[in-house]
Amino acid sequence: MLAYLVKRLFQAIAVMLAISLIGFAIQDNLGDPLRELVGQSVSEETRQQLRDELGLNDSFFTQYLRFLGNAVQGDLGTSYFFKEPAVDVILKKLPATLELVFGATLIIVGLSVPLGVYTAIKPNHVLAKVIMGASIVGISIPVFLTAILMIYVFSVEYQWLPSYGRGDVVHVFGYWDTNFASLDGWSHILLPSIALASIMLPLFVRLIRAEMMEVLQSEYVKYAKAKGIHPFRIYFVHALKNTLLPVITVGGVQIGTMVAYTILTETVFQWPGMGFMFLEAVNRVDTPLIVAYLIVVGFIFVVTNTIVDLIYGLVNPTVNLARMGA
Amino acid sequence: MSSMVDTGEPTRLQRIWQSNMAYSFRRNPVAVVSLVIFLIIAVMSLLAPVIAPFDPYDPASIDIMNSEYPPAWVEGSEPEFILGTDDQGRDLWSTILYGTRLSLIIGLCAVGLQAFLGISIGLIAGYIGGRLDNILMRLADIQLSFSTLMVAIIFLAVTQAMFGSETFNQYAIFFLIAVIGVAEWPQYARTVRATVLAEKRKEYVDSARVLGFGAGRIMVRHILPNSLSPIFVISTVQVANAIISEASLSFLGLGMPPSQPSLGSLISSGFDYIFSGSWWITAIPGVVLVVLVLVINLLGDWMRDVLNPKLYKG
Numbered sequence: 001m002l003a004y005l006v007k008r009l010f011q012a013i014a015v016m017l018a019i020s021l022i023g024f025a026i027q028d029n030l031g032d033p034l035r036e037l038v039g040q041s042v043s044e045e046t047r048q049q050l051r052d053e054l055g056l057n058d059s060f061f062t063q064y065l066r067f068l069g070n071a072v073q074g075d076l077g078t079s080y081f082f083k084e085p086a087v088d089v090i091l092k093k094l095p096a097t098l099e100l101v102f103g104a105t106l107i108i109v110g111l112s113v114p115l116g117v118y119t120a121i122k123p124n125h126v127l128a129k130v131i132m133g134a135s136i137v138g139i140s141i142p143v144f145l146t147a148i149l150m151i152y153v154f155s156v157e158y159q160w161l162p163s164y165g166r167g168d169v170v171h172v173f174g175y176w177d178t179n180f181a182s183l184d185g186w187s188h189i190l191l192p193s194i195a196l197a198s199i200m201l202p203l204f205v206r207l208i209r210a211e212m213m214e215v216l217q218s219e220y221v222k223y224a225k226a227k228g229i230h231p232f233r234i235y236f237v238h239a240l241k242n243t244l245l246p247v248i249t250v251g252g253v254q255i256g257t258m259v260a261y262t263i264l265t266e267t268v269f270q271w272p273g274m275g276f277m278f279l280e281a282v283n284r285v286d287t288p289l290i291v292a293y294l295i296v297v298g299f300i301f302v303v304t305n306t307i308v309d310l311i312y313g314l315v316n317p318t319v320n321l322a323r324m325g326a
Numbered sequence: 001m002s003s004m005v006d007t008g009e010p011t012r013l014q015r016i017w018q019s020n021m022a023y024s025f026r027r028n029p030v031a032v033v034s035l036v037i038f039l040i041i042a043v044m045s046l047l048a049p050v051i052a053p054f055d056p057y058d059p060a061s062i063d064i065m066n067s068e069y070p071p072a073w074v075e076g077s078e079p080e081f082i083l084g085t086d087d088q089g090r091d092l093w094s095t096i097l098y099g100t101r102l103s104l105i106i107g108l109c110a111v112g113l114q115a116f117l118g119i120s121i122g123l124i125a126g127y128i129g130g131r132l133d134n135i136l137m138r139l140a141d142i143q144l145s146f147s148t149l150m151v152a153i154i155f156l157a158v159t160q161a162m163f164g165s166e167t168f169n170q171y172a173i174f175f176l177i178a179v180i181g182v183a184e185w186p187q188y189a190r191t192v193r194a195t196v197l198a199e200k201r202k203e204y205v206d207s208a209r210v211l212g213f214g215a216g217r218i219m220v221r222h223i224l225p226n227s228l229s230p231i232f233v234i235s236t237v238q239v240a241n242a243i244i245s246e247a248s249l250s251f252l253g254l255g256m257p258p259s260q261p262s263l264g265s266l267i268s269s270g271f272d273y274i275f276s277g278s279w280w281i282t283a284i285p286g287v288v289l290v291v292l293v294l295v296i297n298l299l300g301d302w303m304r305d306v307l308n309p310k311l312y313k314g
C-alpha cells in the first residue's frame, strides 16, 4: 500500500512539474513584462539594464528554476491588470466558483441516485423510459445552451429569477462570501447551478442505472430477495452500496471536469468566479494571471485525481495494489 | 429464407441488407429516423454553397440595414429571409447552413485525428507491450484525467493571445481540429489496446506470424479489422462530443470568429440580443445544434446495443 501511495504521489508531482513547465513557457513567450512595468518611453540602455536586474537575460533553465522556487512559495507573479499578486486574485474568485460547483453537486447527487435506481428497478416502466430519453437529450444539449434557455425563460420572459451576478452574499471569513445564507443569494445561484448540473446529471443517471442493473443480477441480491427482505432495503442498502464505488471514481474525476464547465456557466451568467476571470485575463493578455490560473486548475485536477485513485485503491479490495504500483 | 430461394451469389449490397446489423436497424424506428435526419442535415450543409440563397462570407451581399429581421412566421419579417437575419444583417438560413457545415467538418476531422492517433498508439501499445505499453498507458491516464474542454480552452486562449486574434481567426479551424483531435486520443488508444490484447493470443495471429508477416502488417491487416466494432461505437459518441466541444469553444470566443461563424459562434453572437427580444439568432442555430448532436448520440446508442452490449458503461 505504501509503495503504491508513494508512486502515486511521485506521479502527481511529475505532472505538476510538467504543468509548471508549460506555465513557464507561456509566461516566457507571451507578452513583455518590461513593457508592463515601465511602458514604452524608456531608452534601450535602461531597458537592457532592467532586463539584467530582473534576470530576464538568464538562461531558460535558470529562469524556470526561479519561477518554480517562487511558485512553491505561493508566488505566481503579479497580475498586470489588478496590480496585485495573481494568487490573491484567484483566491478571491475561488469561493464563487467552488460554491457553484457545490450547488451543482448537490443537485446531481440529490437527483441522480433516485432516478438511476428507479430506472434500474423498473427498466420497462413508461416513466423510466421517459427518464432515459430525457437523459440522452440532456447529454446532447451543451451547457451554455441550457444556460441561455433558462435565462430566456426564467429571467427574460417570466422575470422570476435574476440572470447575472451573485446578488447579496454573506461574508463568512477571509475571501469567502457565501450565496447560501440569504434568499437573494439562493435565487442567484439556482440557475447557474442547474445549468452546470445539466451536463453531468444524465451521465450519472445512466452510470448508476448501468451499475445497479448489473448488481441486481448478482447472487446475493437474489438471496436477499429469497430471504424476504423488504425490496427497499435490498435496493438502497444492499445493492446501492455496491454501485457506489464506480460512481465515486467517476464522480471524483468529474469534479475536475466541472471546473472546466464553470468557465461556460460563469460566462453566460456573469458569475464573478475564476472561469469568468480567466477569460477576461485572456482578453487583456494578463499573462501572470493566465499562468496562475493554469497552475491552480492543474493543481485541482491533480489533487482530485490522486485522492480518487487512492480512495479507490483503499476501498476496493479487488484492486491489486502491487500490480497497480508497478 | 430468401437466400435459399435465390439463385447465385448474393451481391455485396444484398449481403449488407440481410446482415444482422441491417436487420436490427430496420426494426428500430429511432435509429432509422435518426439516420434520416442526420443525412438530411449532412447533405444540406455540405451543399450549402449550392442551396443557400445568400453567401454569408461575402461582405457585399450583407447589408447592416437588414439586421434583426424576425423569421417569416413572425410579424415584422421580410419575406426574403425565411429564418430572419442576424445582428449583422446576414440571412440566418444561409448562415446556419454554412455554420452547420463548419461544425460537421470540424467534428469529423477532429475525430479522424483522434482515431488515427489513438488507434496507432493503441495498436503499438497492445502489440508490443512491455515498458512502452506501460509508459503509453500512463500517459493516457494522465491525459484523460484532464478534461478535454479545459485543455482546449487553455491551449486556444494562449494561442489566441500569442498570435493576436487576426491571425488566430484565420487559422481557427485548424487549431480547433488539432486541439480536439489531440486531447481525446486516449479514448481510442485504451479500447484498441484492450481488444489487441485479446486478439493477440488467437491462432490467426500466430499463423500470420509463422507465415513471416511483419509486425506492422499483422497489426493493420489482421488485428485492426477484428477490433473495428468498438471503434465504431466510440466514434459516433466522439463525433457528438467533438461538435459540442467546438460549439462551446466558439461560444467562448476561442473558436470560429463571427465573420465565419460555426453554430457555436452564431449562438454566441445571438446571446447579446436575447434580452432585446431577438430570440431567433440564438434559438434557431441552437435547435439545429441540439438536433444534430442528439441524432448522432441516438445512433451511437443503437450501435452500442447492437455491436457491443458490454460497452454500456461509457
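Those protein sequence lines, which keep their order, are chains C and B.
Counting in full-length UniProt numbering, the first sequence runs from 1 upward without gaps.
Counting in full-length UniProt numbering, the second sequence runs from 1 upward without gaps.
For every residue, glycine included, the Cβ atom is placed at its ideal position computed from N, Cα and C.
Since the model is a prediction, treat every value here as computed from it, not as a measurement.
Opening and closing residue of the beta strand (DSSP E) in which TRP17 (chain B) lies = Element bounds for TRP17 (chain B): not the beta strand (DSSP E) but the alpha helix (DSSP H), 12 to 18.
PHE232 (chain C), DSSP secondary structure in three states | In this structure, DSSP gives PHE232 (chain C) a helical state, which the three-state scheme calls helix.
Rounded to whole angstroms, what's the CA-CA distance from ILE41 (chain B) to ARG201 (chain B)? Just pull it up for me.
-> Cα-Cα distance, rounded: 43 Å.
Which residues of chain B have a Cβ atom closer than 7 Å to the Cβ of ALA260 (chain C), listed in chain order?
-> Those are SER147, LEU149, MET150 and ILE153, listed as they occur along chain B.
What are the start and end residues of the beta strand (DSSP E) that includes THR178 (chain C)?
-> Segment 176 to 178, the beta strand (DSSP E) holding THR178 (chain C).
In angstroms, rounded to a whole number, what distance separates the CA positions of SER147 (chain B) and LEU207 (chain C)?
-> One C-alpha to the other measures close to 18 Å.
Could you give the distance in angstroms between the alpha-carbon of SER235 (chain B) and the alpha-carbon of GLN48 (chain C)?
-> So the two alpha carbons sit approximately 54 Å from each other.
What residues from chain B crowd round LEU279 (chain C), counting only those whose CB sits closer than 8 Å?
-> Against chain B, a Cβ distance below 8 Å from LEU279 (chain C) picks out ALA157, LEU252 and GLY253.
On the premise that ILE151 (chain C) lies in contact with LEU252 (chain B), defined as a C-beta separation below 8 Å, what is that separation, rounded to the nearest angstrom?
-> That belief does not hold up - the Cβ atoms of LEU252 (chain B) and ILE151 (chain C) are roughly 16 Å apart, past 8 Å.
Contacts of GLY286 (chain B) in chain C (Cβ-Cβ under 9 Å) = Going along chain C in sequence order, the residues near GLY286 (chain B) (Cβ under 9 Å) are ILE141, PRO142, LEU145, ILE148 and LEU149.
Less than 8 Å between the CB atoms is what I'm expecting for GLY107 (chain B) and GLU203 (chain B), so what's the real figure, rounded?
-> In this structure GLY107 (chain B) does not touch GLU203 (chain B) by the C-beta definition: roughly 39 Å separates them, more than the 8 Å allowed.
Which parts of the region 151 to 214 of chain B are runs of the beta strand (DSSP E), unbroken and 3 residues or longer, counting only runs that do not cross its ends?
-> For the region 151 to 214 of chain B, not a single whole beta strand (DSSP E) run of length 3 or above is found.
Run of the alpha helix (DSSP H) containing VAL303 (chain C), from where it starts to where it stops = Run containing VAL303 (chain C): 287 to 315, per the alpha helix (DSSP H) assignment.
Buried or exposed: ILE64 (chain B), going by 16 or more other Cβ atoms within 10 Å of its Cβ?
-> With fewer than 16 other Cβ atoms from the protein chains shown falling within 10 Å of its own Cβ, ILE64 (chain B) counts as exposed.
Just to confirm, are GLU199 (chain B) and SER227 (chain B) a CB contact at a threshold of 8 Å?
-> In contact: GLU199 (chain B) and SER227 (chain B) (Cβ atoms closer than 8 Å).
Of the choices C:VAL156, C:GLY174, C:ALA210 and C:ALA104, whose alpha-carbon is the least far from that of MET305 (chain B)?
-> According to the sequence displayed, residue 305 (chain B) carries Asp and not Met. For ASP305 (chain B), the closest of C:VAL156, C:GLY174, C:ALA210 and C:ALA104 by C-alpha to C-alpha distance is C:ALA210.
For the alpha helix (DSSP H) holding VAL233 (chain B), just list the boundary residues, first then last.
-> Element bounds for VAL233 (chain B): 228 to 251.
Buried/exposed call for ARG193 (chain B), threshold 16 Cβ in 10 Å = Around the beta carbon of ARG193 (chain B), 16 or more other beta carbons lie within 10 angstroms, which makes this residue buried.
When you compare each of C:SER187, C:GLY313 and C:VAL302 to ALA14 (chain C) by their alpha carbons, which one comes out closest?
-> When the alpha-carbon of ALA14 (chain C) is set against those of C:SER187, C:GLY313 and C:VAL302, the nearest one is in C:VAL302.
Quick check: the region 261 to 275 of chain B against the region 114 to 132 of chain C, are there 3 or more CB pairs under 8 Å?
-> No, they do not touch.
Alpha-carbon to alpha-carbon, LEU46 (chain B) and LEU299 (chain B) | Going from the Cα of LEU299 (chain B) to the Cα of LEU46 (chain B) covers about 20 Å.
How many angstroms separate the CA atom of ILE300 (chain C) from the CA atom of GLY256 (chain C)?
-> Going by the C-alpha atoms only, they are around 7 Å apart.
Boundaries of the beta strand (DSSP E) in which PHE81 (chain C) is found, first to last residue = Neither: PHE81 (chain C) is in no beta strand (DSSP E) and is coded neither H nor E.
Nearest to residue 320 (chain B) by CA position, among B:GLY118, B:TYR98 and B:ARG209, is which residue?
-> There is no way to answer for residue 320 (chain B), as the model of chain B reaches only from 1 to 314.
Jot down the residue ranges of each uninterrupted alpha helix (DSSP H) in the region 180 to 246 of chain C, minimum 4 residues, whole runs only, in chain order.
-> Those alpha helix (DSSP H) runs which fall completely within the region 180 to 246 of chain C and span 4+ residues are 183 to 216 and 219 to 227.
Under the three-state DSSP convention, the category PHE116 (chain B) falls into = Here DSSP, grouped into helix, strand and coil, assigns PHE116 (chain B) to helix.
Please confirm if THR282 (chain B) has its CB atom under 8 Å from at least one CB of chain C.
-> True, the Cβ-Cβ gap to chain C drops below 8 Å.
Please list the segments of the alpha helix (DSSP H) lying wholly inside the region 81 to 129 of chain C, counting only runs of 4 or more residues, in order along the chain.
-> Counting whole runs of 4 or more residues, the region 81 to 129 of chain C contains the alpha helix (DSSP H) stretches 86 to 121.
Could you check if HIS188 (chain C) is buried or exposed, using at least 16 other CB atoms within 10 Å of its CB as the buried criterion?
-> Around the CB of HIS188 (chain C), 16 or more other CB atoms lie within 10 Å, so the residue is classed as buried.
Does any C-beta atom of chain C lie closer than 8 Å to the C-beta of ILE267 (chain B)?
-> Chain C contact via Cβ: present.
Indicate whether ILE311 (chain C) and ILE248 (chain C) have their beta-carbon atoms separated by less than 8 Å.
-> When the beta-carbon positions are compared, ILE311 (chain C) and ILE248 (chain C) come within less than 8 Å of each other.
Would you call the CB atoms of ILE90 (chain C) and MET258 (chain C) closer than 8 Å?
-> Contact: no.
Given ALA239 (chain C), which residues of its chain have a CB within under 7 Å of its CB, disregarding the five upstream and five downstream residues?
-> The answer, listed in chain order, is MET212, VAL215, LEU216 and VAL221.
Which whole-angstrom value is the C-beta distance of GLU75 (chain B) and TYR273 (chain B), which I expect to be below 8 Å?
-> Their Cβ separation, rounded to whole angstroms, is 17 Å, which puts GLU75 (chain B) and TYR273 (chain B) out of contact at 8 Å.
Hey, would you say PHE38 (chain B) sits closer than 8 Å to ILE296 (chain B), going by beta carbons?
-> By the CB criterion at 8 Å, PHE38 (chain B) and ILE296 (chain B) fall inside the cutoff.
With respect to 7 Å, is the separation between the Cβ of VAL210 (chain B) and the closest non-hydrogen atom of the ligand COA below this value?
-> In the structure on display, the ligand COA does not appear, and there are no ligands present to speak of.
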